[in-house]
Ligand code: FES
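Residue numbers (our numbering): 1 to 251.
Structure below.
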């Protein structure tokens with residue numbers, strides 16, 4: 001992602017810069033993100049515009065700058081416009097996505113190798129890492145999977161937002177972000193130790209332990225419900241991790 005420092009302007013003066021959207025020139029305020037600049041230019045997002053907060057990956061953008069051989073990438077909701085940039089939105093990249101029945105998997109490296117054999121087409125050029133707007137070390141998690149280390153791949157790829165820019169630049173035609181998603185799923189389901197307290201709580205719920213309490217709450221009139229809520233025992237702001245309420249009947 002590329003952010004340029006903005007020159008100072010007065011409250012009444014808005015610095016405008018020229019940009020090109022789908023080949024057409026527009027003058028837009030220099031302080032806008034690409035996404036806002038596109039709206040400023042008169043376009044309207046009617047679907048798929050995403051979170052606008054840098055976490056959903058729906059706004060991948062490819063652009064060039066004048067006199068520069070490089071192709072640049074970024075998230076339209078995070079990247080500020082630059083003068084003369086030529087923009088193209090890339091809301092979806094058609095990377096290969098294998099279908100599988102997750103219930104039939106067990107979390108072994110061979111399963112990833114079988115579902116995504118193109119993993120071994122990686123030539124370690126690192127183009128994927130260079131374009132990642134989240135600074136994920138994409139080539140490193142692919143290398144981890146080639147070694148059979150699913151847990152390392154899941155951890156390294158944790159910040160991936162599935163924008164697909166890595167796949168768009170890959171000369172080996174890997175769908176890195178789909179492969180990483182499978183690694184994180186396998187890691188979460190089969191390789192990460194189960195949290196004991198979570199299992200206990202799920203068993204309690206299944207056994208109906210909280211059903212009477214819920215029925216009692218649902219049977220209250222609004223006033224009683226409000227008073228019950230407002231008089232509940234609350235965790236103090238300075239409580240440590242081992243804090244528990246004095247009344248443990250609802251745990
Ligand atoms: S709109 Fe979600 S990351 Fe940009």
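For glycine and all other residues, C-beta sits at the position ideal for the given N, C-alpha and C.
For residue 58, the CB falls within less than 6 Å of some heavy atom of ligand 1. In its chain, beyond the 5 residues on either side, 217 have a beta carbon closer than 8 Å to the beta carbon of residue 225. Taking a C-beta distance under 7 Å as the contact criterion, residue 107 and residue 190 qualify as a contact pair. If you compare the alpha carbons of 135, 111, 101, 128 with that of residue 55, the shortest gap goes to 135.
Distance from the CA of residue 156 to the CA of residue 219, rounded to the nearest whole angstrom, comes to 48 Å. Going by DSSP, residue 69 is part of no beta strand (DSSP E) at all; its letter is neither H nor E. Unbroken alpha helix (DSSP H) stretches of 4 residues or longer found wholly inside the segment 72-152: 109-115, 127-131, 138-146, given in chain order. By the Cβ neighbour-count rule, residue 199 is exposed, with fewer than 16 other Cβ atoms within 10 Å of its own.
The Cβ atoms of residue 119 and residue 150 lie no closer than 7 Å to each other.
Remark: the shortest separation between the CB of residue 52 and any heavy atom of ligand 1 falls under 6 Å. For residue 21, DSSP records a beta bridge to 24, 87.
When secondary structure is reduced to three states using DSSP, residue 60 falls in the strand class. Secondary structure of residue 35 (DSSP, three-state): helix.
For the 7 Å CB-CB criterion, residue 174 and residue 132 do not form a contact. The segment 23-35 makes contact with the segment 49-65; the number of CB pairs closer than 8 Å reaches 3 or more.
DSSP places residue 16 within a strand segment (E or B) once states are collapsed to three. Less than 7 Å divides the Cβ of residue 18 from the Cβ of residue 84. Going by beta carbons, residue 162 and residue 57 fall inside the 7 Å limit. Bounds of the alpha helix (DSSP H) holding residue 229 are 222-230. Here the alpha carbon of residue 116 sits roughly 35 Å from the alpha carbon of residue 65. Here DSSP, grouped into helix, strand and coil, assigns residue 175 to coil.
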